[in-house]
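Each step along the sequence shown adds one to the number in the UniProt record's numbering, with nothing skipped, and position 109 is 109.
Using N, Cα and C, we set each Cβ at its ideal position, and we do this for glycine too.
Remember, it's a predicted structure, so these values are computed and weren't measured experimentally.
Read the structure below first, then the notes.
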Amino acid sequence: MNSPVHPTLEELLRRTKEGIADAEDYALLLKHIHTDATGEVLAAIDRFYAKEEVTSWQHVVPYHYDYWQQAFEEIKEASHLPDRKIPAIGHKVLWLQRRVWVAACLSLLLGAGAWLWYTSSGKKTPVSDRVSAAITPGKNGAILQLADGRQLVLDSMGNGVIAQQNGTVINLQNGVVGYERAGAASGNLTYNSIITPRGRQFTVVLPDGTRVWLNAASSITYPTAFAGKERKVMVTGEVYMEVAKQVGMPFKVVMGDKGEVEVLGTAFNINAYDNESMVRTTLVEGAVRVKADTACESIASVVLKPGQQAQVLQHYTTGNAVVNVEKADMEKTLAWKNGVFNLEDVSLKDAMREWERWYDIEVVYKDKIPDIYFTGKVNKDISFSGLLKLLEEAKVHYSMDGSRRLVIWP
């Protein structure tokens, strides 16, 4: 009986590079690394990458935890790496730039469940030992501002009735605020606001049953009881809404001086942060009409279909606005709501704006902003030290200035 013919190391590397390797190929590749007592395998990997001029990371097949742990122990002994274990972080693996393949994939696996690709150049920046342990990922929490001006910090409150006003009972149940009628309301509308500081996100069910998710550094202001011919709310930052249908009473979302969205359907996302270059409205289900805040109504109003995104760009000198409609990347748009940073083709600058809001940090740039782009996904519960490790592997130069100020160097 003939013995099975195994592919060569170069063939395994080629298959993995092209994304056609199967589980058996990957197990063989790990075995090569695991048994590399002389360094010949790592040298062969380096030669392969030099020849192929590979400059990116690619997602490959699920890895075998035991192989990684054993390989890590041996490489650790040879290179004096810290005595840490690789956590089971899902079923992703990294394929990295030549010369840092093993060290980088292991250090990133230690990081926090992420896989990234980058293009950059420069020297490696070690993780700062001065990073404050006080910087933590965002969590569920918000401030409820009542009609009389009182503010309730919802993070520290338990389940149950938290307030009563204008014939309405406000409940907090498992991190969600809801409203119930408890009598006749007065003739005047009274308003509440849910405010999420940086480092917080929250969910509220409005008096009409509309469900709203708020991203960090966002807010929504709404009446405690809807009345009249329309339902109108005001938002800042980023929100996702599933609007309750109510015949004869349309739902409108006002975004300050950035325009408004008239809801003709149910589910949509609005990104209207002040420090973003445009306002983005993405329709998941139903229909919405997006209106920019401009006198040029004919060019600044559009009705979206599901899967479309309206991008409103406003010229602040003339006041004129342009509304572009594009096919939406739904996975990227809704990643924040699903607990993920989606970094597909995202620049360092754009990623940093999102991380500033989530970790409640300040990011400053010394001289020019590095021209670095990411792709991939990172869980939003990644620790700040894990985030810095990702920046380090992407060759981002940085330092910590104080406890919450991250300085990015060219």
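In this model, Asn275 and Val41 are separated by some 48 Å (Cα to Cα). Counted as a single uninterrupted DSSP element, the stretch harbouring Met400 is not any alpha helix (DSSP H) but the beta strand (DSSP E) occupying residues 397-400.
A distance below 7 Å separates the beta carbons of Leu406 and Ile361. Proximity of the stretch 245-262 to the stretch 276-293 meets the contact definition, three or more beta-carbon pairs being nearer than 8 Å.
Distances from the CA of Tyr191 to each of Leu12, Gln308, Ile408, Gly149 were compared; the closest alpha carbon is that of Gly149. Of Asp345, Met278, Pro223, Gln308, the smallest CA-CA separation from Ala321 is found for Met278. Less than 7 Å separates the beta-carbon of Ser218 from that of Gly237. Val284 places its beta carbon 7 Å or farther from that of Val253. Under the three-state reduction of DSSP output, Ala310 falls in the strand class. The three-state reading of DSSP puts Ser219 in strand, counting E and B together.
Boundaries cannot be given for Phe226, as no beta strand (DSSP E) includes it and DSSP labels it neither H nor E.
Taking a cut-off of 8 Å on C-beta distances, the stretch 307-314 does not touch the stretch 339-346, as fewer than three cross pairs fall below it. Rounded to whole angstroms, the separation of the alpha carbons of Glu331 and Met400 is 32 Å. In this structure, the beta-carbon distance from Trp336 to Asn215 falls below 7 Å. Contact between Asn166 and Thr224 holds, since their C-beta atoms are separated by about 5 Å, short of 8 Å. A residue is called buried once 16 or more other Cβ atoms fall within 10 Å of its Cβ, and Val153, having fewer, is exposed.
Within its own chain, the residues whose Cβ lies closer than 8 Å to the Cβ of Val325, once the five positions on either side in sequence are excluded, are Val302, Leu304, Gln308, Gln309, Ala310, Gln311, listed in chain order. If only uninterrupted beta strand (DSSP E) runs of at least 3 residues are considered, those enclosed by the UniProt domain "FecR protein" (194-289) are 200-205, 211-214, 218-223, 231-242, 251-254, 260-263, 267-272, 279-285. Around Thr203, the same chain offers Val176, Trp213 as residues with beta carbons nearer than 6 Å, after the five sequence neighbours per side are excluded. When the Cα atoms are used, Leu28 and Arg14 turn out to be separated by approximately 13 Å. For Val363, the CB contacts under 6 Å within the same chain, skipping 5 residues up- and downstream, are Met352, Glu356, Leu406 in chain order. Taking all protein chains shown into account, Thr8 has fewer than 16 neighbouring C-beta atoms within 10 Å of its C-beta and is therefore exposed. With a 10 Å radius around the Cβ and a threshold of 16 neighbouring Cβ atoms, Ser193 comes out buried. One thing to note: Leu264 has its Cβ within 7 Å of the Cβ of Ala287.
Pairing Met249 with Phe268 gives a Cβ-Cβ distance that is not under 7 Å. Taking 7 Å as the cut-off, the Cβ atoms of Thr282 and Ala227 do not count as close.
Per DSSP, Leu391 is one residue of the alpha helix (DSSP H) stretching across 384-393. Our two residues, Thr168 and Val205, have alpha carbons roughly 13 Å apart in a direct line. For Trp409, the enclosing beta strand (DSSP E) stretches over residues 405-409.
In this structure Ile135 touches Arg404 by the C-beta definition: roughly 6 Å separates them, less than 8 Å. Its Cα nearest to that of Lys366, the residue Ile408 stands out among Thr196, Asp350, Ile408.
Val303 has Arg289 as its beta-bridge partners, per DSSP. The shortest C-alpha to C-alpha distance from Val378 to any of Ile372, Leu12, Lys389 is the one to Lys389.
Straight-line spacing of the CA atoms in Gly158 and Phe374 works out to 40 Å. Between the alpha carbons of Asp208 and Ser383 lies a gap of roughly 37 Å. Ranking Ile372, Gly402, Ile270, Val247 by CA distance to the CA of Glu393 puts Ile372 first.
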